[in-house]
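In the numbering used here, the protein residues as written are 11 to 176. Backbone N, C-alpha and C fix where the C-beta goes; we use that ideal spot for every residue, glycine too. Working notes, beginning with the structure itself.
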C-alpha cells in the first residue's frame, strides 16, 4: 500500500522569480553545494528548452548513516537518482519527479506545482512512496516521506536565500 504526503514551500518572491532560478545552472550548483553538508550530491543533467526544464540529480547516502531498518534492506551506500521535469513557465508551472535507487525495493514519485499567492508564490509537492516488502514496507514508506519533508524544507530554505541574494 502506498503512502502520500504533501509539502508546500512558500516564497515571498513571484512565480517568475522562482522559475527563473530553476532555469539557472548557478542556482542548481549553489543548491547542490549547500546540500553537500548533508550528503554527497551532484547535478547529472540540466537542460532548459522550449519544453521546460529537465534535471537529473544524484544523492549519495552512506549506508552507515541510514536508519537501522533501512540498513536491513540496503547492503551498500544508497544512491538516489532524482529526475525532475518542469513545464514551460505558465500559471501554474507543473512538474513531476521520480526518485530511484538501484536494487531498491520500491518507488518514490511525485508532482509539483508552482503558483502565485497574495504574498508571493507556493511550490507544492505531492509525493507517493511505495515499498514492496511485507511487514516493513509501511514503516519504510513512512520513513521515506518523513525524510522528504526535511529535504524539501532544506531545499526551500536554500532557494529562498539564493533568491534573496539576487
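Take residue i and list the residues in its own chain whose beta-carbon comes closer than 6 angstroms to its own, dropping the five residues that flank it on each side.
i, result
"residue 119", "108, 138"
"residue 104", "97, 123"
"residue 71", "49, 88"
"residue 140", "12, 116, 117"
"residue 136", "16, 120, 121"
Using beta-carbon positions only, say whether residue i and residue j come within less than 9 angstroms of one another.
i, j, result
"residue 3", "residue 44", "Residue 3 is absent from the structure shown; the chain starts at 11 and stops at 176."
"residue 24", "residue 58", "no"
"residue 19", "residue 162", "yes"
"residue 150", "residue 115", "yes"
Smallest Cα separation from residue i: which of the options?
i, options, result
"residue 173", "140, 134, 130, 77", "130"
"residue 61", "99, 132, 20", "99"
"residue 15", "110, 102, 121", "121"
Who are the Cβ neighbours of residue i in its own chain at under 8 angstroms, not counting the five residues just before and after it?
i, result
"residue 55", "64, 65, 66"
"residue 28", "21, 124, 131, 133, 169, 173"
"residue 101", "25, 125, 126"
Roughly how many angstroms separate the alpha carbons of residue i and residue j, rounded to a whole number?
i, j, result
"residue 74", "residue 90", "15 angstroms"
"residue 127", "residue 39", "27 angstroms"
"residue 36", "residue 53", "11 angstroms"
"residue 106", "residue 92", "10 angstroms"
"residue 94", "residue 145", "31 angstroms"
"residue 160", "residue 143", "24 angstroms"
"residue 82", "residue 176", "44 angstroms"
"residue 11", "residue 42", "32 angstroms"
"residue 79", "residue 171", "34 angstroms"
"residue 47", "residue 166", "15 angstroms"
"residue 26", "residue 85", "43 angstroms"
"residue 113", "residue 147", "15 angstroms"
"residue 155", "residue 17", "10 angstroms"
Beta-carbon within less than 7 angstroms of residue i's beta-carbon, same chain only, minus the 5 sequence neighbours each way: which residues are those?
i, result
"residue 152", "13"
"residue 77", "153"
Heavy atom of the ligand COA less than 8 angstroms from the Cβ of residue i, yes or no?
i, result
"residue 131", "No copy of the ligand COA occurs in the structure displayed, which carries no ligand at all."
Counting only beta-carbon separations shorter than 9 angstroms, does residue i have a partner in chain C?
i, result
"residue 55", "Of the chains in the structure shown, none is chain C; there is only one protein chain."
Quiz item: Counting only runs that start and end within the segment 99 to 149, where is the beta strand (DSSP E) found for 3 or more residues in a row?
Solution: 103 to 110, 116 to 127, 130 to 141
Exercise. Mind listing, in chain order, the continuous alpha helix (DSSP H) runs of no fewer than 4 residues lying wholly within the segment 19 to 61?
Key: 25 to 32, 35 to 45
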